[in-house]
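These notes concern the structure reproduced below.
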Amino acid sequence: MTVAATPTGEYPHPLPRPPDELDRLKAAWALPKGWRIVSAVNNTVIGYLYIATAFGFFVLAGILALLMRTQLAVPDNTFISQETYNQLFTMHGTVMMFLFAVPAVEAMGVLLLPQMLGARDLPFPRLGAFAFWVYLVGGLVFFCTLFVGMAPRDGWFMYPPLSSERFSPGVGADFWLLGIGFIEISAIAGAIEIIVGVMRTRAPGMTLARMPIFAWTMLILAGMIVFAFPAVILATILLELERAFGWPFFIAERGGDPLLWQHLFWFFGHPEVYIIFLPAAGMVSMIVPTMAGTSLVGHRLIVVALIATGFFSFGLWVHHMFTTGIPARSLGFFSAASMAVSVPSGIQVFAWIATIAAGRLRLTAASLFVLGFLTVFTLGGLTGVMLAMVPFDWQAHDTYFVVAHFHYVLVGGMVFPLLAAFYYWAPAFSEKPLSERLGKWAFGLIFTGFNVAFFPMHVTGLIGMPRRVYTYPAGLGWDWLNLVSTVGAFMVAAAILVILVDFVRNLRPTLTDAAGNIWKAGTLEWMENHTYGARSVPYVDSLEPLWAHPTMVDDVHQGRYYLPGTNTGGREAIVTSAVEAEPQYLMRLPGPGWAHVLAAFFTAAFFLLLTVKAVTIALACGALAVAMIVAWMWNSDPASVGRADIGGGIALPTYVSGPVHPAWWAMCVLIAVAGALYLSYVFGYLYLWTVAPQTWPAASALPAASWIILAAALLVASGVALSAAQRILGRSRPAFAILVAIGVASLAAALIVDVLSQWRSGLRPEASGHGAMVYAGAVLQAQVSAAVAVMAAFALMRLARGLLDAERRVVFDNLRLMWIYAVGQGLFSLLLTHGFPRAVG
Amino acid sequence: MWLAGPIVWALHLAVVYGAESFACSRGSAAAHSVLGAMATLVALVMLAILVVQASGRRRVANGATFMDRVAVWLGVAGMAGVIASYLPVLMIPACLSPA
Numbered sequence: 058m059t060v061a062a063t064p065t066g067e068y069p070h071p072l073p074r075p076p077d078e079l080d081r082l083k084a085a086w087a088l089p090k091g092w093r094i095v096s097a098v099n100n101t102v103i104g105y106l107y108i109a110t111a112f113g114f115f116v117l118a119g120i121l122a123l124l125m126r127t128q129l130a131v132p133d134n135t136f137i138s139q140e141t142y143n144q145l146f147t148m149h150g151t152v153m154m155f156l157f158a159v160p161a162v163e164a165m166g167v168l169l170l171p172q173m174l175g176a177r178d179l180p181f182p183r184l185g186a187f188a189f190w191v192y193l194v195g196g197l198v199f200f201c202t203l204f205v206g207m208a209p210r211d212g213w214f215m216y217p218p219l220s221s222e223r224f225s226p227g228v229g230a231d232f233w234l235l236g237i238g239f240i241e242i243s244a245i246a247g248a249i250e251i252i253v254g255v256m257r258t259r260a261p262g263m264t265l266a267r268m269p270i271f272a273w274t275m276l277i278l279a280g281m282i283v284f285a286f287p288a289v290i291l292a293t294i295l296l297e298l299e300r301a302f303g304w305p306f307f308i309a310e311r312g313g314d315p316l317l318w319q320h321l322f323w324f325f326g327h328p329e330v331y332i333i334f335l336p337a338a339g340m341v342s343m344i345v346p347t348m349a350g351t352s353l354v355g356h357r358l359i360v361v362a363l364i365a366t367g368f369f370s371f372g373l374w375v376h377h378m379f380t381t382g383i384p385a386r387s388l389g390f391f392s393a394a395s396m397a398v399s400v401p402s403g404i405q406v407f408a409w410i411a412t413i414a415a416g417r418l419r420l421t422a423a424s425l426f427v428l429g430f431l432t433v434f435t436l437g438g439l440t441g442v443m444l445a446m447v448p449f450d451w452q453a454h455d456t457y458f459v460v461a462h463f464h465y466v467l468v469g470g471m472v473f474p475l476l477a478a479f480y481y482w483a484p485a486f487s488e489k490p491l492s493e494r495l496g497k498w499a500f501g502l503i504f505t506g507f508n509v510a511f512f513p514m515h516v517t518g519l520i521g522m523p524r525r526v527y528t529y530p531a532g533l534g535w536d537w538l539n540l541v542s543t544v545g546a547f548m549v550a551a552a553i554l555v556i557l558v559d560f561v562r563n564l565r566p567t568l569t570d571a572a573g574n575i576w577k578a579g580t581l582e583w584m585e586n587h588t589y590g591a592r593s594v595p596y597v598d599s600l601e602p603l604w605a606h607p608t609m610v611d612d613v614h615q616g617r618y619y620l621p622g623t624n625t626g627g628r629e630a631i632v633t634s635a636v637e638a639e640p641q642y643l644m645r646l647p648g649p650g651w652a653h654v655l656a657a658f659f660t661a662a663f664f665l666l667l668t669v670k671a672v673t674i675a676l677a678c679g680a681l682a683v684a685m686i687v688a689w690m691w692n693s694d695p696a697s698v699g700r701a702d703i704g705g706g707i708a709l710p711t712y713v714s715g716p717v718h719p720a721w722w723a724m725c726v727l728i729a730v731a732g733a734l735y736l737s738y739v740f741g742y743l744y745l746w747t748v749a750p751q752t753w754p755a756a757s758a759l760p761a762a763s764w765i766i767l768a769a770a771l772l773v774a775s776g777v778a779l780s781a782a783q784r785i786l787g788r789s790r791p792a793f794a795i796l797v798a799i800g801v802a803s804l805a806a807a808l809i810v811d812v813l814s815q816w817r818s819g820l821r822p823e824a825s826g827h828g829a830m831v832y833a834g835a836v837l838q839a840q841v842s843a844a845v846a847v848m849a850a851f852a853l854m855r856l857a858r859g860l861l862d863a864e865r866r867v868v869f870d871n872l873r874l875m876w877i878y879a880v881g882q883g884l885f886s887l888l889l890t891h892g893f894p895r896a897v898g
Numbered sequence: 011m012w013l014a015g016p017i018v019w020a021l022h023l024a025v026v027y028g029a030e031s032f033a034c035s036r037g038s039a040a041a042h043s044v045l046g047a048m049a050t051l052v053a054l055v056m057l058a059i060l061v062v063q064a065s066g067r068r069r070v071a072n073g074a075t076f077m078d079r080v081a082v083w084l085g086v087a088g089m090a091g092v093i094a095s096y097l098p099v100l101m102i103p104a105c106l107s108p109a
């Protein structure tokens, strides 16, 4: 059978196609020429840039590692100073985790997902491009702090009190806090793009059951980013408030607790490991079946294992805190969860081994990297189970054993699969494949070098060498082990050099003439790969459509499937339903532009200028960033142009609103981010009560109930105004505008009343952990209220220009969602900060 | 409902861990064991209902059928996780300092 099992049983479009159809498609998706390529938003261009930048940061962080290993090669070495060493290990960890690992896997998603899902592009190309530019600018500036002696030096997890103003004066810690904070904005922007892209732009017929494992892993990765990253964003906000204004969240003698930072940081930090690992596992799940020439064994079970791993990874954070004096039973909860997570991870490993056993593995460079991954990651997993046992962890905590463990997990679980992915997917995006000979040399060097470097560290740690020491005296038994590790590190560097040589010699990224499906793979990313993806969008009726329908590549190229041209003359994507992938809507996508690029630069400038206390200029840049975002969003809601025929008798609407529109999904994800941020805050608020209830005010010292009632009434009034505005949208512009203005003013007034009531009761943010937490809650409420105000102003501007009415209402739908959330969070805040102290007081 | 298994596990972990912190700060360790047992029972009953319902559901659509099967396995995984989280309550006294 050649034609996929479309609903009609026939190709959606007959041949021959109109002669100018392909030219119009190419024109709609054309890239800007010359230096204007910076304004491009195509997923392939952004994907290339993203991957190149991430790999560049990998090389830079690797160089820092070599400097450290050189220093540690012999005892009592004076190659670099203690201060520089502290900066090096901080930057090495930070750059590897925040500027390489997460961006690299997101970049692979941006590059591969549209092709793999049979989509023209992801649904918000400018958001994806914005995420990249924020990351590039912020990452470069952050890295350059190393050259001017302003780099952070407190370790990649920045524990207070070491990172407090008292023990880390200067701007190094601030660069980390604000720099990482806004790089995470980039990660979250990318996650929103990926979630909505995977859920809503799959090719018709690609139900969740037929979705490639890599797409599953990217979906889970993005979901984990949404719930994990807000915890560290909150932590960085709190620590920066403490450093800048003396609000004592982490100062024990004033009712704070340094362990709060550890809880928040590791609630992000442990899932981070799986955020990095799961997409890598997805890549392996794509490579192994192709190289073994058979379908993946246990597809459904792997999906279950991936979801379970994603969830369980959130229940492990305390295993980084086994030595902090937490009650033994609580340690038991997290020890059990830490061991439990090895079960779904193990399922995946066994599924890959079973697939290899069921097929006939071709020993290509990509296969070798996969085999290396299986070996190294499994070893890292085993030492992870050892560290999950509390008594063992007490002995090995903060020693080189832990360093060895997490490098086995992270390098084994992410770098090996990424290199396998480079060698595997290069022919899909490059004129030439990478060299198999150089690839195998690189594998031999990196596999040997890695084990030479890191296996001895298990022993170094068990005989007592702590991590993060810049030198050590001779005669402790550590000397030769460190020397061997250093030799291994340089072997790894040699391997990376070989790979870079291979890149220079063979990698020729292209959007017209890729080497193609040389591995005989079965998934859609191996079809043609132009600026518009493939010529037509196929119908997918199996997990490996190219294996099931050998002529699909030609059929797609000839335009026999859906949407072989452009209906509206511009860029378009078919939006499908979330589970069954039934076509629902023809979305028009934006082309190249400058507003999102400028928004990224001004966003970066805002955060970085705040770091150096240039507040006025920073605020100006922040305002410009908002203005640029408004400019970029202005044309993102085009009016309907009727129904569009995509073939096969399917005519899709060109305008929808509500839950069918991808923007509604994006807003829901954004609200989930805000909710996760607020839940982290609630955890912190309650946590400080459990550790320092004596610093909390007595019930008599709390604000009078009348204030709370007034604030709650204002919030309810805001919600009522929103509801009324919704009802008259499209009927009376002035009344709508007045209601929106009243609603926003009520929202702001509620916040002011709340803050004023606390202030008048004598509560000060710098006085105690409780006071700091109360005002931090107000900061969070101010953030969402400000977002509502900006969105409301945007809606009113569109209303004034006739771009918002009862039909064309996506902007209002999004405003409404955020508004409801803001009112809900405000009411809950009142309950928490006024009700809880009364209840427990 | 497809994700109910791991969500119930996460809520159960939050309750038993949060309750211990609360109980220990109030000096009422015994309350934690009772609360832990109740939370575990409720969680297991909820997951059992979910697994039975999802495994008995019959659908025509390809994606929904797949996700029902996924929900069953996630429910089973959730039950295993809940039991694993509860074991320390049976074996270790509440509020015991590790030192």
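Listed in order, the protein sequences are those of chains E and B.
Per my numbering, residue 58 is the first one in the first sequence, and the count goes up by one each step.
Per my numbering, residue 11 is the first one in the second sequence, and the count goes up by one each step.
Where a beta carbon is used, it is the ideal one built from N, C-alpha and C, also for glycine.
Bounding residues of the alpha helix (DSSP H) (the contiguous stretch that carries residue i)
i          : result
Val-672(E) : 672-691
Val-191(E) : 182-201
Glu-30(B)  : 14-36
Leu-502(E) : 493-519
Gln-783(E) : 762-785
Tyr-105(E) : 100-129
Met-11(B)  : First-last for Met-11(B): undefined, no H or E at that position.
Ser-399(E) : 399-415
Proximity below 9 Å, CB of residue i to CB of residue j
i          : j          : result
Pro-13(E)  : Ala-365(E) : This structure leaves residue 13(E) out entirely; chain E is present only between 58 and 898.
Val-345(E) : Ile-413(E) : yes
Ala-591(E) : Leu-581(E) : yes
Thr-517(E) : Trp-535(E) : yes
Trp-323(E) : His-377(E) : yes
Val-905(E) : Gly-326(E) : There is simply no residue 905(E) to check, as chain E begins at 58 and stops at 898 in what is shown.
Gly-175(E) : Arg-259(E) : yes
Phe-157(E) : Phe-114(E) : yes
Arg-628(E) : Ala-85(E)  : yes
Ala-164(E) : Met-471(E) : no
Gly-737(E) : Arg-865(E) : For the sequence presented, residue 737(E) should be read as Ser rather than Gly. Cβ atoms of Ser-737(E) and Arg-865(E): not closer than 9 Å.
For residue i, the first and last residue of its enclosing beta strand (DSSP E)
i          : result
Ala-701(E) : 700-704
Ala-630(E) : 628-633
Met-644(E) : 640-646
Nearest residue (CA-CA) to residue i, options the options
i          : options                                           : result
Ala-662(E) : Gly-626(E), Gly-195(E) and Pro-640(E)             : Gly-195(E)
Met-548(E) : Pro-160(E), Val-558(E) and Ala-510(E)             : Ala-510(E)
Asp-559(E) : Trp-583(E), Gly-496(E) and Val-526(E)             : Gly-496(E)
Met-89(B)  : Trp-12(B), Thr-50(B) and Gly-37(B)                : Thr-50(B)
Gly-720(E) : Leu-179(E), Thr-147(E), Ile-137(E) and Pro-69(E)  : In the sequence on display, residue 720(E) carries Ala and not Gly. When only C-alpha atoms are compared, the closest one is Leu-179(E).
Ala-755(E) : Gly-898(E), Ala-806(E), Ala-805(E) and Lys-489(E) : Gly-898(E)
Cys-678(E) : Val-868(E), Asp-694(E), Ala-657(E) and Ala-688(E) : Ala-657(E)
Trp-409(E) : Leu-353(E), Phe-371(E), Thr-381(E) and Gly-367(E) : Leu-353(E)
Beta-bridge partners of residue i, as assigned by DSSP
i          : result
Gly-881(E) : DSSP, once it has assigned bridges, lists no residue as partnering Gly-881(E).
Val-841(E) : Partner(s): none; Val-841(E) has no beta bridge.
Tyr-619(E) : Val-594(E)
Ile-707(E) : Gly-704(E)
Phe-587(E) : First, the amino acid is wrong: residue 587(E) is His here, not Phe. BP columns for His-587(E) point to Gly-590(E).
Quick one, which residues of the segment 342-370 of chain E are near chain B if we go by CB-CB under 9 Å, in chain order?
Listed by position along the chain: Arg-357, Leu-358, Val-360, Val-361, Ala-362, Ile-364, Ala-365, Gly-367, Phe-368 and Phe-369.
Residues of the segment 57-78 of chain B with a CB closer than 9 Å to any CB of chain E: list them in chain order, please.
Cβ contacts with chain E: Ala-71, Asn-72, Gly-73, Ala-74, Thr-75, Phe-76 and Met-77.
Selection of the segment 238-268 of chain E by Cβ proximity to chain B, strictly under 8 Å
Within the segment 238-268 of chain E, the residues whose Cβ lies closer than 8 Å to some Cβ of chain B are Thr-264, Leu-265, Ala-266 and Arg-267, listed in chain order.
Output, in sequence order along the chain, the residues in the segment 738-761 of chain E whose CB is closer than 7 Å to any CB in chain B.
From the segment 738-761 of chain E, only Thr-747 and Pro-750 have a Cβ closer than 7 Å to chain B.
Please list the residues of the segment 631-657 of chain E that have a C-beta atom closer than 8 Å to any C-beta atom in chain B, keeping them in chain order.
Listed in sequence order: Val-636, Glu-637 and Ala-638.
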